[in-house]
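Q:
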Amino acid sequence: MSKTRTLPARLGRLLVGLGFTELAAHEEVLTLPPHATLAAREIPLFVPAGGVKPDTPLLFALDGQMMPAWKLAESLAVLAERKEIVAPLVVAIPAAKERVEEYGLAGTLDYAGRGKLAAEFQTFVLADVLPAVRRRYGLKLAPERTGILGASLGGLAAFDLAWHHPEVFGFVGVFSGSLWWRGEDGDAAAEQSSRLAHRLVRGTERPPAVRLWFQAGTADETDDRDGNGVIDAIQDTTELIDELESKGYRRGRDVVYHEIAGGEHNERTWAEALPVFLRWALPAKK
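Quick note: the sequence shown uses numbering that gives the first Met the number 0, first residue 0, plus one each step.
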């Protein structure tokens, strides 16, 4: 089942006022039935100007209900009009009320037993959402043109999906990722050594062929568990990148880190970072 609605009139007037007169983007809605214990949900689809072709890039966004606060439509329109990106079809999957259970790591609970629905949610994305979108638009499955992004706990979930499914996702954006997610809750040493994303990378014998983009802000939080003067949000991110480098990923090519001075743990900061990610993920061909 699908619905179509145009961009809000206020946004349309704003973009026309900025000179983007050829914009013809619109939003559609994909309605999917319940999956196992997961509730049915309506998924907004941001369709690029000119429609969708078989080779149109596909970008999944977790916490899709927050994309208006990320100014996703505005960023896509401006960057596409300036020919800075290849405009994607964005599948904005909204979070459910069980977000903390759906957005953990599939198959691995954290120290508090959270993440019980993560495997089920990932199956929903791969077996329900992806095929439905491909059928509707006749999209070819091409990992190099398919990516996923998320913020906070959604960033951790996006990383986990891309890491385990490189046959689907060729790139991932992790905005202020909850990379502190850990298996033990004790002293600083125990907490750091049991960070689950870091452990996942260390334990992977053959790392996937996926491009990774990370963002953190200097005001993401104030916690500094080991007292080294670096907030945990930045330390967890940069130390995960260190783990990735040890597996052969090349900093600046396969893995990129974008730090925002004064950046906070909120949609305003992620909206600021989004165009940087989109230019990296989907650069227009020169």
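All C-beta atoms, glycine included, are put in the ideal place defined by N, C-alpha and C. Values in this document were obtained by computation on a predicted structure and should not be read as measured data.
1. With H, G and I counted as helix, E and B as strand and the rest as coil, what does DSSP make of His25?
2. Which ranges would you report for the alpha helix (DSSP H) in the segment 162-248 if only whole runs of at least 4 residues count?
3. Is DSSP giving Tyr256 helix, strand or coil here?
4. By DSSP, does Glu266 sit in helix, in strand, or in coil?
5. List the endpoints of the continuous alpha helix (DSSP H) containing Glu143.
6. Is it buried or exposed for Gly202, if we count other Cβ within 10 angstroms and need 16 for buried?
7. Relative to the alpha-carbon of Pro207, which residue among Leu178, Trp162 and Val173 has its alpha-carbon at the smallest distance?
8. Where do the ends of the alpha helix (DSSP H) carrying Val99 lie?
9. Does the beta-carbon of Gly251 have 16 or more other beta-carbons within 10 angstroms, so that it is buried, or is it exposed?
10. Give the single residue among Ala118, Val254, Leu108 and Ala91 whose Cα lies nearest to the Cα of Leu37.
11. With contact counted as at least three CB pairs below 8 Å, one residue from each stretch, are the segment 81-88 and the segment 177-184 in contact?
12. Within 8 Å, do at least three Cβ pairs link the segment 87-103 to the segment 114-133?
13. DSSP three-state label for Thr122, please.
14. Compare the Cα-Cα distances from Arg144 to each of Pro56, Val128, Val90 and Val275 and report the closest residue.
15. Does the Cβ of Leu140 have 16 or more other Cβ atoms within 10 Å, making it buried, or fewer, making it exposed?
16. Evaluate contact between the segment 227-241 and the segment 28-37, counting only Cβ atoms and requiring at least three cross-stretch pairs below 8 Å.
17. Using a Cβ-Cβ cutoff of less than 6 Å, which residues in the same chain neighbour Leu108 once the five nearest sequence positions on both sides are dropped?
18. Excluding the 5 residues preceding and the 5 following Leu273 in the sequence, name in chain order all residues of the same chain whose CB lies nearer than 6 Å to its CB.
19. Would you list the one or two residues that DSSP bridges to Thr30?
20. State the Cα-Cα distance for the pair Pro130 and Glu266, rounded to the nearest angstrom.
21. Using 9 Å as the threshold, is the C-beta distance between Gly172 and Gly146 below it?
22. Spatial neighbours of Leu277 within its chain, please: CB distance less than 7 Å, with the 5 preceding and 5 following residues excluded, ordered by chain position.
23. Would you kindly report the start and end of the unbroken beta strand (DSSP E) that includes Leu116?
24. Does the segment 90-99 come into contact with the segment 53-67, if we say contact requires no fewer than three beta-carbon pairs (one atom in each stretch) closer than 8 Å?
25. What would DSSP say about Pro282, mapped onto helix, strand or coil?
26. Rounded to whole angstroms, what is the Cα-Cα separation between His164 and Leu211?
27. Taking the continuous beta strand (DSSP E) assigned at Leu71, which residues delimit it?
28. Considering only residues of the same chain and omitting the five flanking positions on each side of Thr20, which have a CB-CB separation below 6 Å?
29. By the DSSP assignment, the beta strand (DSSP E) with Leu61 in it spans what residues?
A: Let me spell this out:
1. The sequence position of residue 25 within the sequence shown is 26, counting from 1. Assigned with DSSP and collapsed to three states, His25 falls in strand.
2. The alpha helix (DSSP H) runs of length 4 or more contained entirely in the segment 162-248 are, from start to end of the chain, 187-192, 195-201 and 231-245.
3. Here residue 256 is taken as the residue at index 257 of the sequence shown, counted from 1. The answer is strand: DSSP assigns Tyr256 an E or B state.
4. In the sequence shown, residue 266 corresponds to position 267, counting from 1. Glu266: helix per DSSP, three-state reduction.
5. In the sequence shown, residue 143 corresponds to position 144, counting from 1. From DSSP, Glu143 is part of no alpha helix (DSSP H); its letter is neither H nor E.
6. Counting from one through the sequence shown, the residue named residue 202 turns up at place 203. Answer is exposed; the Cβ neighbour count stays below 16.
7. Residue mapping note: residue 207 aligns to position 208 of the sequence shown, counting from 1. Minimum Cα distance to Pro207 is reached at Trp162.
8. Start at 1 with the first residue of the sequence shown, and residue 99 comes out as number 100. Where Val99 is concerned, the enclosing alpha helix (DSSP H) stretches over Arg98 to Glu101.
9. Mapped onto the sequence shown, residue 251 falls at position 252. Exposed: under 16 other Cβ atoms inside 10 Å.
10. Within the sequence shown, the letter at position 38 stands for residue 37. Nearest C-alpha to Leu37: Ala118.
11. Short answer: they don't touch.
12. They touch, by the three-pair rule.
13. The count along the sequence shown starts at 1 and reaches residue 122 at position 123. Here Thr122 sits in helix by DSSP.
14. Translated into the one-based positions of the sequence shown, residue 144 becomes position 145. Out of Pro56, Val128, Val90 and Val275, Pro56 has the C-alpha closest to the C-alpha of Arg144.
15. Mapped onto the sequence shown, residue 140 falls at position 141. In summary, Leu140 is exposed, with fewer than 16 beta-carbon neighbours lying within 10 Å of its beta-carbon over all protein chains present.
16. The segment 227-241, when compared against the segment 28-37, does not touch it at the 8 Å Cβ threshold.
17. Within the sequence shown, numbered from 1, the residue matching residue 108 stands at position 109. Around Leu108, the same chain offers Gly114 as residues with beta carbons nearer than 6 Å, after the five sequence neighbours per side are excluded.
18. If you number the sequence shown from 1, residue 273 lands on position 274. These residues qualify, in order along the chain: Trp69 and Ser74.
19. In the sequence shown, the residue the question calls residue 30 occupies position 31. DSSP lists Glu41 as partners of Thr30.
20. In the sequence shown, the residue the question calls residue 130 occupies position 131. In the sequence shown, the residue the question calls residue 266 occupies position 267. One C-alpha to the other measures close to 29 Å.
21. Taking the sequence shown and counting its residues from 1, one reaches residue 172 at position 173. Taking the sequence shown and counting its residues from 1, one reaches residue 146 at position 147. Yes. Within cutoff.
22. Position 278 of the sequence shown, counted from the start, is the residue given in the question as residue 277. Result list for Leu277: Ser74, Leu78 and Ile84, in chain order.
23. Here residue 116 corresponds to residue number 117 of the sequence shown, with the count starting at 1. No beta strand (DSSP E) contains Leu116, which DSSP labels as neither H nor E.
24. The answer is yes - the segment 53-67 touches the segment 90-99, with three or more Cβ pairs under 8 Å.
25. Working through the sequence shown from its first residue, we reach residue 282 at position 283. Three-state DSSP puts Pro282 in a strand.
26. As a working mapping, residue 164 is identified with position 165 in the sequence shown. As a working mapping, residue 211 is identified with position 212 in the sequence shown. One C-alpha to the other measures close to 13 Å.
27. What you label residue 71 is simply residue 72 of the sequence shown in a count that begins at 1. Unbroken run through Leu71 is the alpha helix (DSSP H), Leu71 to Glu80; no beta strand (DSSP E).
28. Residue 20 sits at position 21 when you count from the first residue of the sequence shown. Low confidence applies here, because Thr20 scores a pLDDT of 43, under 50, leaving its location unreliable and the question unanswered by this model.
29. Sequence index remark: in the sequence shown, residue 61 carries index 62 (1-based). Segment Leu57 to Leu61, the beta strand (DSSP E) holding Leu61.
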